[in-house]
Structures are given as C-alpha cells and as structure tokens.
Amino acid sequence: MTTRTDTLKPNGTSEVGTTCKQSPDIMEESSNSMPMQTKGNIKEQKRRPKPKDGTKLICRVCNDVALGYNFDAVTCESCKAFFRRNALKKKVFNCTFDGNCRLDPHTRKFCSSCRLKKCFAVGMKKDWILNEEQLAKRRQRLSSSQQSNTPLNNNNNSSPSPSASSISSFEYMQPPYEDAEPALDVPNLKTWVYPADKYPVSHHLFWNTLEVSESTSQTITYIRMVVQEHENTFNENYPSGAFVIPKNTKEFFVLSNVFICRLINFMKYIPDFQKLPKEDRISIFRGSIREVSLIRASMAYSYIENMWVFKDCNGEKSYLDTNILKATLGDCLYSKLAQFIRSFKIATNDDKVIMILLLLIEFFDQDKSSLLSSEVVVAAQEKYTSWLKTYIECKYNDEIGKVLFPRVLVKLMDVREIGEICNEATQNFLLQGIDPLTAEVLDLKLMVDKIGNSP
136 MTTRTDTLKP
146 NGTSEVGTTC
156 KQSPDIMEES
166 SNSMPMQTKG
176 NIKEQKRRPK
186 PKDGTKLICR
196 VCNDVALGYN
206 FDAVTCESCK
216 AFFRRNALKK
226 KVFNCTFDGN
236 CRLDPHTRKF
246 CSSCRLKKCF
256 AVGMKKDWIL
266 NEEQLAKRRQ
276 RLSSSQQSNT
286 PLNNNNNSSP
296 SPSASSISSF
306 EYMQPPYEDA
316 EPALDVPNLK
326 TWVYPADKYP
336 VSHHLFWNTL
346 EVSESTSQTI
356 TYIRMVVQEH
366 ENTFNENYPS
376 GAFVIPKNTK
386 EFFVLSNVFI
396 CRLINFMKYI
406 PDFQKLPKED
416 RISIFRGSIR
426 EVSLIRASMA
436 YSYIENMWVF
446 KDCNGEKSYL
456 DTNILKATLG
466 DCLYSKLAQF
476 IRSFKIATND
486 DKVIMILLLL
496 IEFFDQDKSS
506 LLSSEVVVAA
516 QEKYTSWLKT
526 YIECKYNDEI
536 GKVLFPRVLV
546 KLMDVREIGE
556 ICNEATQNFL
566 LQGIDPLTAE
576 VLDLKLMVDK
586 IGNSP
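Converting from the sequence shown to the working numbering requires adding 135 to each position, the first position being numbered 1.
#1: Check GLY258 in the structure and name its three-state DSSP category.
#2: Which term fits ASP415, buried or exposed, when burial requires 16 or more other beta carbons within 10 angstroms of its beta carbon?
#3: Please name the residue or residues paired with THR210 in a DSSP beta bridge.
#4: Excluding the five sequence neighbours on either side, which residues of its own chain have a C-beta within less than 8 Å of the C-beta of PHE401, listed in chain order?
#5: Roughly how many angstroms lie between the CA atoms of VAL550 and ALA222, to the nearest whole one?
#6: Quick one: grab the DSSP three-state call for VAL248.
#7: Buried or exposed: where does ALA271 fall if 16 or more other Cβ atoms within 10 Å of its Cβ makes it buried?
#8: Return helix, strand or coil for ASN532, following the three-state DSSP convention.
#9: Going by DSSP, what residue range makes up the beta strand (DSSP E) through LEU455?
#10: Locate the alpha helix (DSSP H) running through TYR357, then write down its first and last residues.
#11: Could you tell me the alpha carbon to alpha carbon distance between ARG421 and PHE498, rounded to whole angstroms?
#12: Which of helix, strand or coil does DSSP assign to ASN229?
#13: Just checking my contact of LYS260 with PHE206 at CB under 8 Å: how many whole Å lie between their CB atoms?
#14: Can the beta-carbon of LEU464 be found less than 8 Å from the beta-carbon of LEU472?
#15: Suppose you measure from the CA of THR351 to the CA of LEU507; what does that come to, to the nearest Å?
#16: Which whole-angstrom value is the C-beta distance of VAL427 and LEU398, which I expect to be below 8 Å?
#17: I need the boundaries of the alpha helix (DSSP H) containing GLY422, first residue and last residue.
#18: Do you know offhand how far TYR357's Cα is from ILE417's?
#19: Please state whether DSSP places ILE193 in a helix, a strand or coil.
#20: Could you compute how far the alpha carbon of TYR519 sits from the alpha carbon of GLN275?
#21: With DSSP as the reference, identify every bridge partner of MET442, one or two as the case may be.
#22: Beta-carbon within less than 7 Å of SER505's beta-carbon, same chain only, minus the 5 sequence neighbours each way: which residues are those?
#23: As a quick exercise: from GLY258, LYS333, TYR204, ASN235, pick the residue whose alpha carbon is nearest that of ASP485.
#24: Sorted by chain position, which residues of the same chain lie with C-beta nearer than 8 Å to GLY554's C-beta, five sequence neighbours on each side aside?
#25: Return the CA-CA distance between CYS396 and PHE408, expressed in angstroms with no decimal places.
#26: How would you label GLU528, buried or exposed, when you count the other beta carbons within 10 angstroms and need 16 or more for buried?
#27: Between the Cα of LYS252 and those of THR344, LEU238, TYR531, TRP263, spot the shortest distance and give me the residue it belongs to.
#28: On the DSSP letters alone, give me the boundaries of the alpha helix (DSSP H) that VAL347 sits inside.
#29: Is the distance from the Cβ of PHE245 to the Cβ of CYS236 below 8 Å?
#30: Leaving out five residues before and five after MET490 in sequence, what residues of the same chain have Cβ atoms less than 7 Å from its Cβ?
#31: Drop a sphere of 10 angstroms on the beta-carbon of ASP533, count the other beta-carbons inside from all chains shown, and report buried for 16 or more, exposed for fewer.
#32: Which residue from LEU492, ALA515, GLN353, LYS530 puts its Cα closest to that of LEU544?
#33: Do you know how far the Cα of LYS537 is from the Cα of THR344?
#34: Between which residues of its own chain and ARG195 is the CB-CB distance below 7 Å, once the five residues before and five after are set aside?
#35: Tell me which residues share the same chain as PRO412 and place their Cβ nearer than 8 Å to its Cβ, disregarding the 5 neighbours each side in the sequence.
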C-alpha cells in the first residue's frame, strides 16, 4: 500500500485499505477550458458576476457556503485556495480507499485526491491560475485604478478600503493548515481523555488499560517496545558540554546536533531501517530530517509552560527560550511553527504514542524511485500505518477511532508543508555566514558520516 496520507473513506469510516491511484485525466484541462495564455498576450480571465437577486451560493466541491465564482466554478474560499495550491503541481495525490470520498466542509481536508478530482469535475480551470507576471500586472492595475478613483480631498467618514496589494495577496497567505481545528484552551487540550492518559507511556499501567484482544496483542507488544526505545533514547540527559540554554542562533543549531545523533540511535533500533543498505539510510535521513524534527518538536513542547522542555546534564528540567527561536526563525516562520504545533497536538489528542507512530510513518515516506530497496520502505510505512490504526482502536472507542485515525494521518500533509518552508529558511541561514560547525549540522554532513559508519 502506498500511504500518501490523504485519507478518508466514504460515509466517514476509515481503515487501512487499498490505494486508488488518481485518474490520469483529472490533471487534464476540461474540454471547454480556455486556451493557455501565451507570452506577450497575457490576459486575465474574467470572472462571472455574482447573482444580484441574493441567491445563496453553494460550493460545488464540498457544499460549503460560496461567495462567487473561482476559476470558472462556484466554490468556497477554502476550495479556491486548495485548487490554487495544488492544481499545477506535478505531484499525484492518491486516495487510499475507492476514489469516491464524500466531501463536505468537514471531510474535504481528508482526501486531497478526491477533492482535486472534484475541482476539475465541476469545471475549475487550472489555466486561470495567474503566474507571477500576471499577478504583478494585476496589482499594478488595481493600484492605478484605486489611485485614480480616490478624491484628492475626501472628507467623508467612510472606512478606508484595503490596499490593492492586500486585496491581491491575501488569498496567497493562507496557511497550509487552514482547515485545522480551532485552537483550544490549555485545560481543554485533550478532546478525549482515557484511563491510560493518567500514566506516562513508559509505565506498564498505561498499556494495561488498553482494550487488547488476542488478535491485537502482538501488535500492541511491538508498539510498546518501539515506544519504550523512543523514550529511552530521547529522554536521556543532555551531555555535559552541550549548550543547556542556547543564547543565540549558532548555539541553537549546535544543540540540534544532539537531536540528530539521538534520532540516528533510535532508528538503529528499528529493524526496517537496519534492513536497508547504507545508501538508502542516508537518502531517507536526508529526505525526512526536517519533517521528523517538527514532530519531535511537537512532542517536546509543553502547553502549560509554553516552552520546549528537555533534561540537562544533571537530569534537571531545562527550557528552550522561545525568544531564541524567534530570533533564529524570524517572527513569521516562528508564528507558522507555533500554529502548526498547536494544531498538531490537538489533532493527535496530544497522544505521544500516536506521534511516535506518525514519526515512523513520515520517516519512511520517501521518493521510492531513488531507493535501492524501495519494497522495504513501502512495507515499513504500511506496517506502521496499520500499527497506528490498531493502537487507536485499542485505546479509543470505535466512534472516536473512525474520526481520529484519518484526522491524524491528514496532519502529515501539514508536516510536509511546514517542512518545505523550514527547508527554505535553513538555506537562508547557510547564506548568512553561519560558522562551519553549524553549517555541518544543517547540511547533515555529520549525520551522513554517522550513518555511513554504522553497521
């Protein structure tokens, strides 16, 4: 099974099922699409006017409330933004069920394959998506029009209209997790609380409270072993000499070296990873390090203390100052990261076992064409997805499990979106004269050496 995590079975049920490839024709333009605009003859497509009789418009993709036509079809703002982000991508989305998922304002985010297919089916045209040159001309035209229509001496008390740039750019600033659940207050973070939540995941009573059957007993045992190894590896005290509290950007990245080493040690425990040749191990680390780091950052973040918590060399609690992160990442990227972590912890019910299994699923989500042993990677991702489903079924009741399983899988889409943003940011750091040691960590050379020397 290829587990691109855009999953929801029709009628709201979910399970690890067969993969339904997106039909090749859905990326094609509809037969009545307008011709592609040629260079030198750039002309913006005219939108159809909204009905003047007050008719309520309904999105033809997900049945949400629509404000008008977008790309030549009546859609809501969410589906408009989704289509703009994905219609021109070469990436092929996969439906893990039967390719006919039910789409509504809640479920539309669960299956990108069926959602994009529906966008094309209702007549949305990808050649109406403006490129950078067209956007620049549009902004210039709107700005000129606004200036020419504004009286020199306007004493009216009417509210000022937004600038042309804000009008044209707002829709491009939607975060990749726009459909995420609204943030909850800290006391209400856990949507569902179960007896197991009274104990840490390393405690035997946590596992004894799960409803394990004869058919799931062995899988839960395997999950427990992986979780225990994760806790043993990442809960170790930070070594003496490491920066306990980073004071600047350089020290922050040096501290991240400890995380990379621990991740390598943890993955050495995973049999699926050990089956791979060294070339594949290196490729997988290169392809997943930032996304896995985001999931680990979510685990280490404390809502109550509003900081990232770790143990220093003496085993005492230490905290990563958020101001260092803001200075390192910039306010904009830090804000995106904080918003993602909040939505991730809510989506996963702040369940550490779920997050560990998602970490493994994401770790083995790779471009299979570049690997020597792609079949091992495919089997590993399928196995951990199955483990995740089994764990959720054993801890949560059936009704909640049907919602929670697809909900946590779809969050991996957000992990990848933020991972791409972080990737661009780290490239910028490399260009700003970071010292060689920090550059080595960012470029993962140290990681490559460690993996290459492992047995």
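Just so it is clear, CB atoms sit at the ideal spot from N, CA and C, and this is done for glycine as well.
The structure displayed is predicted, hence computed values, not measured ones.
Well, looking at it:
#1: Reduced to three states, the DSSP call for GLY258 is coil.
#2: Burial call: buried.
#3: GLY203.
#4: GLU364, HIS365, THR368, PHE369.
#5: The alpha-carbon of VAL550 is positioned some 20 Å away from that of ALA222.
#6: This sequence places Ser at residue 248; Val is not what is there. SER248 falls in the helix class under three-state DSSP.
#7: So ALA271 counts as exposed.
#8: Collapsing the DSSP output to three states places ASN532 in coil.
#9: That run of the beta strand (DSSP E) goes 452 to 455.
#10: Here the alpha helix (DSSP H) through TYR357 covers 352 to 369.
#11: Approximately 10 Å between the Cα atoms of the pair.
#12: Strand.
#13: Rounded, the Cβ-Cβ distance is 5 Å, consistent with contact.
#14: Yes, these two residues count as a Cβ contact at 8 Å.
#15: When rounded, the distance between both Cα atoms is 32 Å.
#16: Right, their Cβ atoms sit about 7 Å apart.
#17: Per DSSP, GLY422 belongs to the alpha helix (DSSP H) from 413 to 435.
#18: About 25 Å.
#19: Three-state result, ILE193: strand.
#20: Taking the straight line from one Cα to the other gives about 51 Å.
#21: Its beta-bridge partners are SER437.
#22: Counting only Cβ-Cβ distances below 7 Å, and skipping sequence neighbours, we find SER418.
#23: Nearest to ASP485 by C-alpha distance, out of GLY258, LYS333, TYR204, ASN235, is LYS333.
#24: Closer than 8 Å at the Cβ level, and outside the excluded window around GLY554, lie ARG425, GLU426, LEU429.
#25: CYS396 and PHE408 have their C-alpha atoms roughly 15 Å apart.
#26: Under this definition GLU528 is a buried residue.
#27: With distances taken between Cα atoms, LYS252 lies closest to LEU238.
#28: Where VAL347 is concerned, there is no enclosing alpha helix (DSSP H), given that its DSSP letter is neither H nor E.
#29: Against a cut-off of 8 Å, the Cβ pair of CYS236 and PHE245 comes out as a contact.
#30: So the list reads ILE430, SER433, MET434, THR483, once near-sequence residues are dropped.
#31: Its Cβ having fewer than 16 others within 10 Å, ASP533 is exposed.
#32: Comparing Cα-Cα distances from LEU544 to each of LEU492, ALA515, GLN353, LYS530, the minimum goes to LEU492.
#33: Taking the CA atoms as reference points, THR344 sits about 20 Å from LYS537.
#34: Here the set comprises ALA208, VAL209, THR210, VAL257.
#35: LEU507, SER508.
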